[in-house]
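Asks: Going from the sequence shown to our numbering is simple: count from 1 and add 731. Don't be surprised by glycine CBs; every beta carbon is placed ideally from N, CA and C. The model shown is predicted, which means the values in this text are computed figures rather than measured ones.
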Amino acid sequence: MPRAIISPSVLASDFGQLTAECKRMIKGGAEWLHMDVMDGHFVPNITMGAPILACVSKGVPGIFMDCHMMVAEPEKWVNDIADAGGALYCFHLEATADPLSVIKAIRARNMKVGVAISPDTPSTAVTDEIANAADMLLVMTVYPGRGGQKFLDRCVPKVAELRARFPDKDIEVDGGVGPNTIGACAHAGSNVIVAGTAIFGAPNPDEVIATLKATVNS
Ligand code: DX5
Ligand code: ZN
732 MPRAIISPSV LASDFGQLTA ECKRMIKGGA EWLHMDVMDG HFVPNITMGA
782 PILACVSKGV PGIFMDCHMM VAEPEKWVND IADAGGALYC FHLEATADPL
832 SVIKAIRARN MKVGVAISPD TPSTAVTDEI ANAADMLLVM TVYPGRGGQK
882 FLDRCVPKVA ELRARFPDKD IEVDGGVGPN TIGACAHAGS NVIVAGTAIF
932 GAPNPDEVIA TLKATVNS
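1) For residue 873, collect the residues of the same chain with a Cβ closer than 8 Å to its Cβ; drop the 5 residues on either side in sequence, then sort them by chain order.
2) Mind checking whether the beta-carbon of residue 800 lies closer than 7 Å to any heavy atom of the ligand DX5?
3) Which two residues bound the contiguous beta strand (DSSP E) that contains residue 798?
4) From the DSSP secondary-structure annotation, give me the bridge partner or partners of residue 822.
5) Output needed for residue 813: all residues of its chain with C-beta closer than 6 Å, excluding positions within five of it in sequence on either side, in chain order.
6) Taking the alpha-carbon of residue 765 as reference, which of 752, 774, 776 and 864 has the nearest alpha-carbon?
7) Is the closest heavy atom of the ligand ZN to the C-beta of residue 921 under 7 Å?
8) At a cut-off of 7 Å, is residue 918 close to the ligand DX5 when judged by its beta-carbon and the heavy atoms of the ligand?
9) Do you know how far the Cα of residue 942 is from the Cα of residue 949?
10) Just to check, is the beta-carbon of residue 885 closer than 7 Å to a non-hydrogen atom of the ligand DX5?
11) Between which two residues does the beta strand (DSSP E) carrying residue 903 extend?
12) Return the CA-CA distance between residue 832 and residue 838, expressed in angstroms with no decimal places.
13) Which residues does DSSP list as the beta-bridge partners of residue 867?
14) Less than 7 Å between C-beta atoms, sequence neighbours within five positions excluded: which residues of the same chain meet that for residue 767?
15) DSSP on residue 738, reduced to helix/strand/coil?
Structure below.
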């Protein structure tokens, strides 16, 4: 399995101190920062977009922004996110009829490619062709749209199915992940771990980051 990567979701951070919060996570052992971009169409909420990400990449040199695009037209934001310093552009399969052309557009801007599936989308929606063209597959363990939801156990088998098909691919889990649910995720084969509430809500986020990482690497 590829190495463990911890990607704290800044959705659970203090947005008024966003750059400081990102620095705090990196200092605490996080490899990536998970940036949840919501457009009010693909999901009901609106969070942040490229102008905010640009401030973060300027304020936190070297940051790896794992951009989770919960947007209805993923092709529309590729250039803006690339210009803002996005390192990985992860779009939802449910949001496009032509995933391969979205992937091509992301590649053209030298970002890594992530492909996400929501809880009701089967792992078979990720065809070999799509997976082989992507760097990372994201299995949502809650319905996209907001932080702090309960982990959906029924999504875990999809992680195992994808890990069996793609032994070397980064597989991310996102939603309700923390010390109580990481065991199932890691056992199923996930190596990229998103956690918002569990990290930012903890008295000692560094400890949570270390626990998540140790569980994946064990
Ligand atoms: C949900 C977002 C998640 C969320 C995770 O729509 O994609 O990244 O912020 O937050 P927690 O870990 O609190 O479930
Ligand atoms: Zn997310």
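Replies: The answer reads as follows:
1) 850, 880, 881, 882, 883, 905, 906 and 907
2) no
3) 796-801
4) 800 and 846
5) 840 and 842
6) 752
7) no
8) no
9) 10 Å
10) no
11) 901-905
12) 10 Å
13) 845 and 901
14) 740, 742, 778, 799 and 801
15) strand
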